[in-house]
Amino acid sequence: MRARTVSRCVLLGCAALLAFGQTSCGGPTRGTGPVQPSKAVTAEDLGGMDALVRAAQAEGELNAIALPPQWANGVGLAQGFEKKYGIRVNLQDPYDSSKEELDAVRSRKGRPTAPDVLDLAAQHARGAAREGLLAPYRVAGYGDIPKNQKDAKSRWYNSYGGYVAIGCDAARVAVCPVSFNDLLKPEYKDKVSLTGIDPTSAGVAFASVFAASLANHGSFDDVQPGIDYFARLNALGNLRHVNPNPPEEKIKSGETPIIIEWDFLSLAHTAQFSGTGVKWKVSIPFDGSFSEYYAQAINKDAPHPAAARLWEEYVFSAEGQNLRLVDYARPVLIDTMRKNGTLDEAAAALLPTVEGTPVFPSPAQVTKAQQTVDEGWAKSVSG
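Residue numbers (mature numbering (1 follows the signal peptide of the UniProt record, and there is no 0)): -25 to -1, 1 to 358.
What follows is the structure, encoded as structure tokens:
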């Protein structure tokens, strides 16, 4: 997005006033008064990117939640953001689930420790938007994000995604499973873990139920076979009720030799444990291929509203999107970047090849599936 030309003194003055919530400075307006960062829907509302940067730098910090190591390179993005803009990123509760992120938004409202930006599974992003927890904001690349990967009111938009995969330590498992059907075999007794454990709160666990449903004659309209599958896996004694986080402890110790999770997480383990006794192998189950994206959003009551908006601009810039590839996540703007020549082709070439074109459930299908899981998981899959 091209910044509007304004004088240096106006930029400095407006940024400082906006950062402290004052509105006496003239400039771009929405309605009858100047736009504060918390009300800005685009960078242009603040006078362009230069003004947004200055307002964010005046705030000086950003609260980012649920960015664990080796998860779509969220930590790398935070480091890149700090280096580029000189704004400190406070990494809060790195292993929180999407539900826990939203609990933090509610419980910390009005406090300086409230999350500014969120990284949410699709169904939780939609729920948060309906609840009125998210601020609308359109990044410069908003128009390039596929229509089915963003909210029409720009309250959230997807940033990266992957496929549900099965990871396995070949040093501890004689023959690694490659399908959901394989996981039912007696040789995998007490060996299979599900990242996030609970699909009512964790997006990766919810996606795994969807994938298991597709592998067992279910559909986007019927996720019950996925719940039934995990109930059977549990009854056989194959399912371990152990969250594989942090992986550097759980995998290395042998506590979680087989994990159902996103392919980008599993592939990151392959690199993470290279040269150690762990021999991590990754398979995308052919009987239940399921892909999904994670959404980015801004807390409506973010304590650092300008920094939050600048973070989104960075995440959806070519630099930010390419950083996702470092941990094998698929950036949502990959097709646009390939066309305009900004894609890191070497990094993109390392992504696993998947046959066919991914198909995604509709918002209505996701909502229905979440209700089914919420109602049936606890009583069907006991821990």
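For each residue, glycine too, the CB sits at the ideal point set by N, CA and C.
Note that the structure is predicted; figures quoted are calculated from it, not measured.
Residue range of the unbroken alpha helix (DSSP H) whose run includes residue i
i: W286; result: 280 to 290
i: V179; result: 178 to 189
i: L77; result: 73 to 82
i: E320; result: 320 to 323
i: G351; result: 338 to 355
Residue i (DSSP reduced to helix, strand or coil)
i: L(-15); result: The pLDDT assigned to L(-15) is 34, lower than 50, so where the model puts this residue is not dependable; a value taken from the coordinates is nonetheless given after this. Helix.
i: P43; result: coil
i: N38; result: strand
i: W131; result: coil
i: G295; result: helix
i: G142; result: strand
i: V16; result: coil
i: K164; result: coil
i: S109; result: The amino acid at residue 109 is misidentified as Ser; the sequence shows Leu. It is a strand residue.
i: Y60; result: helix
For residue i, the residue or residues it bridges with in DSSP
i: G137; result: E267
i: R305; result: G136
i: N48; result: Paired residue(s): none; N48 is not in a bridge.
i: A272; result: L93
i: L169; result: I235
i: K122; result: Beta-bridge pairing links K122 to no other residue.
Contact check, residue i vs residue j, beta carbons under 9 Å
i: I234; j: S228; result: no
i: V217; j: I273; result: no
i: E267; j: A97; result: yes
i: R101; j: W131; result: yes
i: N133; j: Q271; result: yes
i: N213; j: L158; result: yes
i: V139; j: A186; result: yes
i: E34; j: H279; result: yes
i: Y135; j: Y269; result: yes
Residue i Cβ short of 8 Å to the ligand COA heavy atom set
i: A281; result: Absence of the ligand COA is noted for the structure shown, with no ligands found whatsoever.
Where the beta strand (DSSP E) containing residue i begins and where it ends
i: Q67; result: 63 to 67
i: D94; result: 92 to 96
i: V257; result: 255 to 258
Quiz item: In the region 193 to 251, which residue ranges form an unbroken alpha helix (DSSP H) of at least 4 residues, counting only runs that do not cross its ends?
Solution: 199 to 210, 222 to 225, 238 to 247
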